[in-house]
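Chains as they are written, first to last, in the UniProt record's numbering: chain A, 1 to 455; chain B, 1 to 455. Glycine is no exception: its CB is placed at the ideal position from the N, C-alpha and C atoms. Here the structure is a predicted model, which means the values were calculated and not measured.
Number of protein chains: 2
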Amino acid sequence: MPLPTPLIEALRATFGADLSLAEAERVAYSYDNSRLHALPDAVVFPTTHAQVEALVRQCREHRVPVIARGRGTNTTGATVPVDGGVVVSFERMNRIIRLDPDNRLAIVEPGVLNGDLQQALKPLGFFWPPDPTSSPWCSIGGNLACNSAGPRTVKYGSPRENTLGLRAVAGTGEGFRAGTYTSKGSTGYDLTRLLIGSEGTLALITEATLKLTPKPTGLRTLRATYRDVSAAAHAVARIMAQPVTPCALEFIDDVALRLAHEHGGDSVPMAGAMLMIEVDGEPETLPSAVEAVSRAARGEGLESLDIAQTAEETQALWSARKALSPAQRTISPNKINEDVVVPVSRLPELVDGVKQLAARHNVLIVSFGHAGNGNLHVNLLPRDDAERERAHACLADLFDLVIRLDGTLSGEHGIGLAKRPFMPLALQASTLDLMRAVKSAFDPDGILNPGKLLP
Amino acid sequence: MPLPTPLIEALRATFGADLSLAEAERVAYSYDNSRLHALPDAVVFPTTHAQVEALVRQCREHRVPVIARGRGTNTTGATVPVDGGVVVSFERMNRIIRLDPDNRLAIVEPGVLNGDLQQALKPLGFFWPPDPTSSPWCSIGGNLACNSAGPRTVKYGSPRENTLGLRAVAGTGEGFRAGTYTSKGSTGYDLTRLLIGSEGTLALITEATLKLTPKPTGLRTLRATYRDVSAAAHAVARIMAQPVTPCALEFIDDVALRLAHEHGGDSVPMAGAMLMIEVDGEPETLPSAVEAVSRAARGEGLESLDIAQTAEETQALWSARKALSPAQRTISPNKINEDVVVPVSRLPELVDGVKQLAARHNVLIVSFGHAGNGNLHVNLLPRDDAERERAHACLADLFDLVIRLDGTLSGEHGIGLAKRPFMPLALQASTLDLMRAVKSAFDPDGILNPGKLLP
């Protein structure tokens, strides 16, 4: 169903050449990294907050869906316009408005790339902690929409812990500010965190005030291999129970190591499981931190523990992890990438459970991820249609296992389309009802990113 | 207006002897540390989540207000039952349900005292960062309701950064769970943070899953005095712009020092202003941390810098800060205790501005507080009725100044009754409208803590 003519005219008045109705361009904005797709009726490229207000008001008048989009790196279909409507690409709202190290904050537009912000902060001695693997090409707006995190979360938190305030436009077309320019505040309801992780279903973020952290000047990398996944998972629990919190604590299982070895060569160790551990801090503090973490990494089932002394050695240690993504792609173009999370002490049960599910459903599964948060990327790699079907059955069992272990569906990818049917597994009916009521409060006509997140 | 008889009967069936209608007891629950008061029609003392559900359903049926109460240590009148109704004192829901250091979490009922939890965590090597000055006698539920923080917030964050999940009862009487048992999650809207700081206006918290932090085994205390408040405020900004974040960075102005000196004797230094600074970490890391913070503390206007070497010296350094509260009480029983917050770099302007306001309105003002967050406790100490009237006029100018400096009304005390009329200064009309819509989503009949927070 094409857009009503009066809406097209209104959009043209607001956006001029920054409105696109051409099919070629609409196709480019019809999918994201989930590989799901649906054609939008139009794409707009706002450059100001006022344009976003006008857009939402105009679309609301005609009950036309509005789908916010960063750079489409998400894996859940959260930016796929399943009901058509207008995709709002924030790629041209990409100004860093203020870098303010004295107040440990930065004010940015949503289209700023995570990596560009980190580059701009480097000479000031600060960083913004969330660091998804897609950091060079994902946008801050997208990071906020999905509460996307990354390895550093284990020490520094996710966007919810690293955002002070937002400017946004609700589904009514009303612009508003939430939060503060201060590192502390107790002035009314926390709408800032409510918007973070809401995947564009409550409001469109047009500006973010981010909390910055001083960048430690020292970093040391350790690599530990273990007899089996269970031994590695127990080491993770030991590391997290002592006071020195690493700034990365990544787990790679035996299947993933074998894959990486085939693809990356002999620099990748063959083992039952591997942990990559990083500790940061001022240089004088690193020897004692490395010692504390090493002590915890040792124990039943440890096979090797290497501590990089140089930048080259650090790179060599990370080679296995780096070889992993291309290796997976060679096996299955239809990778199903999950990011379940459990309490750290349940990680041994999760990795064991995943192995059993892989065997029972006869599906190739590769597990790795941010073990310090109990956040495992469970990648199902179906090699043909039959295995693909088995993979989907396996997925339901995986979520079931995770919930039984007191975990939840998503650590950092969000819900989108992909996990929406599983939400009632993770959340009570009364919680979902409240979320729906909150949705109505922000978006009474349900025009913001319909069909996502809430079942 | 007394409670309807059917409601009294229903409450009696639910609570038995844990319902109190006696005036003597109602009086005890009619006020909080704001010294405002209003008599409730009944007080109940739940011991289970199910009782809280029944209570809210019963009160909703009769449109009777329900006011949650921790230990009444708040200073804003947030627990005063201005419209009568039933005060729900959580003092008997005070079980620590689970201490789980392996997953860095604790599950508690809302009536657990902050100090009791810290004591229980000590042997495990962990702590819960929020540490209001009232920590020995304030409840976790109250801390969550007001997003109460304390000195350690500068390094470790407020309750919003240190809570993983909640169980609660909405204004509909429906129980629900929000959040996770994991240190990371992106499964739907963040209702956990939305409830934190909502002062019992959205839901009644019946259980909290708190994020624990390993307790560093080392701590060093520094005391710096300065020629004037402006020099000290500039030192704060320098300290916060370097990478070693102190775990306390407290500011005390000249008026406060003079008061403390009169009350506490010669161990309290006389100076233009003073900073109390604490750094924590593993013992090996402390010398370099102390050196980094000392370097930043030095500069224009520094008069002395003392570093405590022993526990006794640490106590001596803190003596001025400790003498402050009793000293204030001797001067004015009607202290107006504000907790405004500004970006750290605006602190010099704030302290200068407060001095000008004190002179212009002819009011005694003592300023001290959590400078590392830009959070200043501005205490107006009227000594008679005329000064009390001038103090109230001064307050309006203070909030005006704070907003002009990009600050906000409250850092950690919340809004309650006291700051409610000033909310439109701090928040746009559209933001307040959204907060009201959220309130309706959780509490459609407006029975939860009416007359608080939202104007």
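| Query | Result |
| --- | --- |
| Tell me where the beta strand (DSSP E) around residue 366/B begins and ends. | 365-370 |
| By the criterion of Cβ-Cβ separation under 8 Å, what are the contact partners of residue 442/B in chain A? | 434 and 437 |
| Which of the residues in the segment 172-193 of chain B, read from start to end, lie with their CB under 7 Å from any CB of chain A? | 174, 175, 176, 177, 178, 180, 181, 182, 183, 184, 185, 186, 187, 188, 189, 190, 191 and 193 |
| For a contact meaning CB atoms closer than 8 Å, what does residue 420/B contact in chain A? | Per Cβ cutoff of 8 Å: no residues; residue 420/B is ~10 Å from chain A at best. |
| Which residues, in order along the segment 227-259 of chain B, keep a beta-carbon less than 8 Å from a beta-carbon of chain A? | 237, 240, 241, 242, 243, 244 and 245 |
| Around the C-beta of residue 336/A, are 16 or more other C-beta atoms found within 10 angstroms, so that it is buried, or is it exposed? | buried |
| Determine the DSSP secondary structure at residue 181/B, reduced to helix, strand or coil. | coil |
| What does DSSP give as the partner residue(s) for residue 127/A in the beta ladder? | 213/A |
| Report the rounded CA-to-CA distance for residue 295/A versus residue 217/B, giving the unit in angstroms. | 17 Å |
| Please compile the residues from chain B whose C-beta is within a distance smaller than 7 Å of the C-beta of residue 102/A. | 237, 241, 344 and 345 |
| Go ahead and label residue 329/B buried or exposed: buried means 16 or more other beta carbons lie within 10 angstroms of its beta carbon, across all protein chains shown. | exposed |
| If contacts are defined as beta-carbon pairs under 8 Å, then residue 52/B and residue 212/B qualify, I think. What distance do you get, rounded to the angstrom? | So it is not a contact: roughly 25 Å between Cβ atoms. |
| I need the boundaries of the alpha helix (DSSP H) containing residue 422/B, first residue and last residue. | First-last for residue 422/B: undefined, no H or E at that position. |
| Which of the residues in the segment 342-374 of chain B, read from start to end, lie with their CB under 7 Å from any CB of chain A? | 342, 343, 344, 345, 373 and 374 |
| Rounded to whole angstroms, what is the Cα-Cα separation between residue 7/B and residue 42/B? | 11 Å |
| Measure the alpha-carbon distance for residue 347/A versus residue 411/A and round it to whole angstroms. | 14 Å |
| Could you name the residues of the segment 119-146 of chain A whose beta carbon sits closer than 8 Å to any beta carbon of chain B, in the order they occur along the chain? | 125 and 146 |
| Hey, which unbroken runs of the beta strand (DSSP E) at 3 residues or more fall wholly within the segment 46-90 of chain A? | 66-69 and 86-89 |
| Which residues mark the beginning and the end of the alpha helix (DSSP H) in which residue 400/A is found? | 385-404 |
| Does any C-beta atom of chain A lie closer than 9 Å to the C-beta of residue 428/B? | yes |
| Going residue by residue through the segment 247-332 of chain B, where are the continuous alpha helix (DSSP H) segments of at least 4 residues, counting only ones entirely within it? | 254-264, 286-297 and 311-331 |
| In whole angstroms, give me the CA-to-CA distance for residue 91/B and residue 209/B. | 18 Å |
| My guess is that residue 244/B and residue 292/B are in contact by the Cβ rule of under 8 Å, so how many angstroms apart are they, rounded? | 4 Å |
| For a test of the three-state rule: what should DSSP assign to residue 238/B, helix, strand or coil? | helix |
| For the beta strand (DSSP E) holding residue 412/A, just list the boundary residues, first then last. | Counting along the chain, residue 412/A falls outside any beta strand (DSSP E), and DSSP gives it neither H nor E. |
| Can you name the residues of chain A whose CB is closer than 8 Å to the CB of residue 161/B? | 157 and 161 |
| So what does residue 339/A bridge to, in DSSP terms? | 377/A |
| If you measure beta-carbon to beta-carbon, which residues of the segment 65-96 of chain A are closer than 9 Å to chain B? | none |
| Using a Cβ-Cβ cutoff of less than 7 Å, which residues in the same chain neighbour residue 281/B once the five nearest sequence positions on both sides are dropped? | 216, 218 and 289 |
| With DSSP collapsed to three states, give me the class of residue 41/B. | coil |
| Could you check the C-alpha separation between residue 393/A and residue 416/A for me, to the nearest Å? | 19 Å |
| Measure from the C-beta of residue 44/A to each C-beta in chain B and report whether the shortest distance is under 9 Å. | no |
| Does DSSP put residue 108/B in a helix, a strand or coil? | strand |
| Would residue 131/A and residue 114/A be called neighbours here (beta carbons separated by less than 9 Å)? | yes |
| Which bits of chain B does residue 414/A rub up against, with CB to CB less than 7 Å? | 186 |
| Expressed to the nearest angstrom, what Euclidean distance is found between the alpha-carbon atoms of residue 179/B and residue 164/B? | 6 Å |
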